[in-house]
Amino acid sequence: MELAEEELGEHHLDEKEVVDVVVRFAGDSGDGMQLTGNNFTQATALYGNDLSTFPDFPAEIRAPIGATFGVSAFQIYFGAEDVTTAGDELDVLVAMNPAALVTNIHNLVEGGLVIVDSGAFTAKNLTKAKYASNPLEDGSVARYRVLDVDISKQVLSAVEPFGLGHKAALRCKNMWTLGLVMWLFDRDRAPTIESLKAKFASKPEIAEANIAALNAGHAYGDTAELPVGIHVYKVPKAKVAPGTYRNITGTTALAWGLIAGSELADIDMLFASYPITPASNLLHELANRKQFRVNTFQAEDEIAAVCAAMGASFAGSLGVTSSAGPGIALKAEGMALGAASELPLVIVNTQRGGPSTGLPTKTEQSDLNMALYGRHGDTPIPVIASSTPADCFDVAIEAVRIAIKYMTPVMLLSDGYLANAAEPWKIPDSEKFEPFPVQHYADPAGFKPSIRNDDTLARVWAKPGMPGMEHRIGGIERSFDTGDISYDPANHQKMTDLRHDKVKGIANDIPEQEVCLGSGSGKLVVVGWGSTFGAIHQAVKRARREGLDVSHVHVRYLSPLPRNLGDLLRGFDQVLVPEMNTGQFSRLLRSEYLIPADGLNKVAGQPFKIGEILAAIHQKISNQGVDTEQLGASREVAS
Amino acid sequence: MNQAIPALTLKDFASDQEVRWCPGCGDYAILKTIQKLMPELNRPRENQVFVSGIGCSSRFPYYMNTFGFHTIHGRAPAVATGVKLANEELDVWVITGDGDGFSIGGNHMLHVLRRNVDLQILLFNNEIYGLTKGQYSPTSQPGTRSPSSPEGSIDAPLSPCEVALGAGGTFIARSIDTEAKHLSAVVKASHAHKGTGFVEILQNCPIYNDGVFEQVKDKKLAQDFRVEAVHGEQLLFGKEKEKAITLNRDTLALEVIESANNADRILVHNETNRVLAQLLAAMSGPDFPVAVGVLYSEAKSTFTADTEAHLQQVRRSSGNLKGLLHSGHTWQVK
């Protein structure tokens, strides 16, 4: 169905107490917006709000100062209820220069607050942002509450005692701004002060200057005569389960999940990868964690990475490789070798906008077809997807478990949004994780590499260095009985069936599909997979609040699909599938279950907005009659 | 490894698989030589891993009663690097050919050599694609007529030993399929070498490129077209060793001279001299003999040993999962 958007119109800073707020810090690449956002996030978590964050980087490493394509932004959505997206419209926009204003102001809700550094609105910067006249003076921002302060000037005077040069002094602008926003939402500055001291431990004068700027920004809020409607807002604490929490990005959670997986499997892991945006951070995180049973190898290319991982698996370790779309395409032949030789392998795909180089820093879910089908031959492999940053931890452990238990490559789908976004995570009790230790086969009596487990259909894993286990495997079709090369026609049929049945059988080893919000049948189900979870969840929650009969089903296991999924979805009159692609999962559901799944598709490099999904729900419900007729017709065809 | 290794013979290293190369293929001779060499290396059989790509030569692992992984076209060096990274105790052998190793897999060859991964590469160079039925390869001589170059190939060929040296290879040798004694000695030296041991084996394909190395293989002709490089010995060749290699110090190029009355001009092979190795590797007919033997050997730390040392240092205190999950900023909700 067609993508439309409804403004939620929920967040206005009209009251002194608000349920939730979306703030976006935007500035030049060099303005330190990511650091500012991270510090504000930490303070907000400590305050007790639920939250979700979304860093939005430019593709350029060092764009020219003041350029619109060099704007770096950090968005945070925080509130008193469960927060699962980084928010639709902005309530507060911090714009450090004209380029940041022009690229973000259209997302600010009418009447929202925009904080600008008027000192940066010079003729030169206005020209770079392609403003014909100064928007602060020509009335074009009159729809918003504007707080324009010459932040540069304020900062220079605040840090004067520390004797910094002009340029170094101006670098404290972000902390001044952070101080002001912290005042606005009553956040504690202590953790930021501590982290500044730690960050600049070797340059105490820089730390002190930044702290002075932070305090000065806060004091400005306290003492300056601000325009009407700009005051301290209270956002009540969220009701969250007791426990120890931390903030975690999808990348970190995925890396730690892989580490946990190798510990639980009691096996060494070789993580072989080649740098590519937005997947490289996973390599960086793991390269820093070699005290665990993980070694990292930066290979010469994507193909070498998957091949080295497979070599490690052949040698008895667990090989893991990681990339984004274009790199995964290069690994296809290697994955097929993994499937043919039946070796465990985990392939992490942090999806980005495609095709080709596409949108390297932006998010998309368009590699589902490649994950499911993107290999030569009949080469099924299990595919699973994470739905939130913290979920990446559990999904990584699950990928390791399946790869080892079934001696198969497993593809784990994440995406650019999940990789960089962060959310609070209740730290699980690692002592309660269920171990699944690997038992390498070691009995020489009658050993053949083709010995199988009757239940899982997985072949044995015998590793070099073990006497009596000498054997040869490879990409040529192997005899079902002996494991030796076989060109026998009946054997190829048998092995093809075996590879198919092995993956299909995993459906008996994964949980049945649950409904994450709503009921097991009804008028409409919104089905998602991957990072659309947050937006779908919020939209369905709002629709249900309106009394609409809508449920949310979120699928983690994409191949094989949960054994009850077809029956579950048939219990609904209509099936809506929002995806950040042109309908890959909805087509899968249609072909698997012959149900009229309808896609809601967005490929803009940005996550879904809650309002976009809510609009689709409203349209579906209001068109109920028509769609039900269609459904009846297709059911007849199906039977 | 201190454990006693049972005395093994050639037969212990022959698998039960029927060998399926064409009759007369040079690969038979190489297989026999390697199977015979294995017991001499005095290493546990279960620690021997043969990794190959695609091509006639890449069938080799199936015929060795060791661990074997027949992988995909050109990627054996990458797979082998993963094997060795996973278990440094293993003896890892890469079996490849001129197309597999220097065309589709050229990139991996470059990088395994520069990293100096501790493994052996046996490059079966027959200057032709055999398994795909006779197309010219990146080592084929210009003008090679083949199904894909009916008028003769136009590409300039590369010289495997020169490329391997250029990539930073630390052990570069050349031998001949049917010269069992020479081949065995060279491969043994490559096995003893810490780092990547690169051995180019000139191998005859009787079907698609028969006789391409005839001058260096034929007992009579070879006397004039082959020079054996032995560390510390003069570079002499010819029936009566009447010819020698010298370096023209003005042109910095090698020349063939008469060995008589030229004793002070005859080059003495020094396998630690990279420049000399480059010059010897480049020699080819008809004006020069082809050099065989260990052309270059350099003692250098290996990627795998350095990685292992790094891991051991990092792991002096092993990681604690609970500690990791709780590291950095956390907060309590009651």
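The listed protein sequences correspond, in order, to chains A and B.
Heads up, the first sequence is in our numbering, so the first residue is -13 and it goes up one at a time.
Heads up, the second sequence is in our numbering, so the first residue is 2 and it goes up one at a time.
From the three backbone atoms N, C-alpha and C, an ideal C-beta is built for every residue, glycine too.
From a predicted model like this one, the values you see are computed outputs, not experimental measurements.
Pairwise C-alpha distance: residue 9 of chain A and residue 280 of chain A | 38 Å
Below-8 Å beta-carbon distance, residue 313 of chain B vs any chain A residue | With 8 Å as the cut-off, residue 313 of chain B does not count as an interface residue toward chain A.
Interface partners of residue 86 of chain B on chain C, CB under 9 Å = Annotation note: the requested chain C is absent from the structure, which comprises protein chains A and B.
Would you please state the rounded distance, in angstroms, between the beta carbons of residue 55 of chain A and residue 49 of chain A? I believe it to be under 8 Å.
-> With a Cβ gap of about 6 Å, residue 55 of chain A and residue 49 of chain A count as contacting.
Establish whether the CB of residue 90 of chain B and some CB of chain A are separated by less than 8 Å.
-> yes
Which residues bound the alpha helix (DSSP H) around residue 393 of chain A?
-> Counting along the chain, no alpha helix (DSSP H) covers residue 393 of chain A, and no H or E run does either.
State yes or no: is the C-beta of residue 632 of chain A within less than 8 Å of the C-beta of residue 330 of chain B?
-> This structure cannot settle anything about residue 632 of chain A, because the visible part of chain A is limited to -13 through 625.
Does DSSP classify residue 480 of chain A as helix, strand or coil?
-> helix
For residue 626 of chain A, name the three-state secondary structure that DSSP assigns.
-> This structure does not reach residue 626 of chain A, given that chain A is present from -13 up to 625, and the question cannot be answered.
Is any beta-carbon of chain B found at less than 8 Å from that of residue 549 of chain A?
-> no
Alpha carbon to alpha carbon, what distance is there between residue 324 of chain B and residue 33 of chain A?
-> 24 Å
In chain order, what residues of the same chain lie with their CB nearer than 6 Å to the CB of residue 291 of chain A, ignoring the 5 residues before and after it?
-> 258, 259, 260, 285, 307
Specify, as a first and last residue, the run of the alpha helix (DSSP H) that residue 494 of chain A falls within.
-> Unbroken run through residue 494 of chain A: none, as it is neither H nor E.
Check whether the region 230 to 240 of chain B touches the region 255 to 274 of chain B, counting contact only when three or more Cβ pairs, one atom from each stretch, lie closer than 8 Å.
-> yes
Compare the C-alpha of residue 530 of chain A against each of A:422, A:508, A:482, A:35 and name the closest.
-> A:508
Output the residue ranges of the alpha helix (DSSP H) runs that lie fully inside the region 17 to 98 of chain A and measure 4 residues or longer, sorted by chain position.
-> Secondary structure remark: continuous alpha helix (DSSP H) runs of at least 4 residues inside the region 17 to 98 of chain A, in chain order: 19 to 33, 84 to 90.
Residue nearest to residue 627 of chain A in terms of C-alpha spacing, selected from A:489, A:209, A:164 = An answer regarding residue 627 of chain A cannot be provided, because it is not within the stretch -13 to 625 covered by chain A.
Would you mind telling me which residues of chain B sit closer than 7 Å to residue 636 of chain A, beta carbon to beta carbon, in chain order?
-> Residue numbering for chain A in the displayed model covers -13 to 625; residue 636 of chain A lies beyond these limits and cannot be assessed.
Closest Cβ-Cβ distance between residue 611 of chain A and chain B: below 8 Å?
-> In this prediction, residue 611 of chain A has a pLDDT of 49, which is less than 50 and means its spatial position is unreliable; what the coordinates show is noted afterwards. It does not; no Cβ of chain B falls within 8 Å.
Residue 618 of chain A - DSSP class collapsed to helix/strand/coil | Reliability fails at residue 618 of chain A, whose pLDDT of 40 lies under 50, so the model's placement of it is uncertain and the value that follows must be treated cautiously. In the structure shown, residue 618 of chain A sits in a helix (DSSP, three-state: H, G or I).
Please determine, among A:587, A:551, A:609, the residue with the shortest C-alpha to C-alpha distance to residue -12 of chain A.
-> A:587
Find the nearest neighbour of residue 92 of chain A within the set A:79, A:103, A:314, judged by alpha-carbon distance.
-> A:79
Comparing alpha-carbon positions, which option in B:228, B:249, B:250 lies nearest residue 243 of chain B?
-> B:228
Note down the Cα distance separating residue 408 of chain A from residue 388 of chain A, rounded to an integer number of angstroms.
-> 26 Å
Within this structure, are the beta carbons of residue 445 of chain A and residue 435 of chain A separated by less than 8 Å?
-> Taking 8 Å as the cut-off, the Cβ atoms of residue 445 of chain A and residue 435 of chain A count as close.
Curious, which full-length beta strand (DSSP E) runs of at least 3 residues does the region 408 to 462 of chain A contain?
-> 408 to 412, 458 to 460
Nearest CA to the CA of residue 311 of chain B: which residue from A:596, A:64, A:273?
-> A:273
Chain A beta carbons: is any one of them nearer than 8 Å to that of residue 32 of chain B?
-> Chain A, which has no Cβ nearer than 8 Å to the Cβ of residue 32 of chain B, makes this no.
Is there at least one Cβ from chain B nearer than 8 Å to residue 236 of chain A's Cβ?
-> The Cβ of residue 236 of chain A sits no closer than 8 Å to any Cβ of chain B.
State buried or exposed for residue 271 of chain A, treating a residue as buried only when at least 16 other CB atoms are found within 10 Å of its CB.
-> buried
Where the beta strand (DSSP E) through residue 134 of chain A begins and ends | 131 to 135
Count the other C-beta atoms from every protein chain shown that fall within 10 angstroms of the C-beta of residue 565 of chain A, then say buried if there are 16 or more, exposed otherwise.
-> If you draw a 10 Å sphere on the C-beta of residue 565 of chain A, you find 16 or more other C-beta atoms in it, and that means buried.
Any idea which residues DSSP pairs residue 202 of chain B with across the strands?
-> B:125, B:176
Since I believe residue 556 of chain A is in contact with residue 581 of chain A (beta carbons under 8 Å), could you give me their beta-carbon distance rounded to a whole number of angstroms?
-> 6 Å
Between residue 97 of chain B and residue 59 of chain B, is the Cβ-Cβ spacing less than 8 Å?
-> yes
Would you mind telling me which residues of chain B sit closer than 9 Å to residue 226 of chain A, beta carbon to beta carbon, in chain order?
-> Under the 9 Å cutoff, chain B gives 334.
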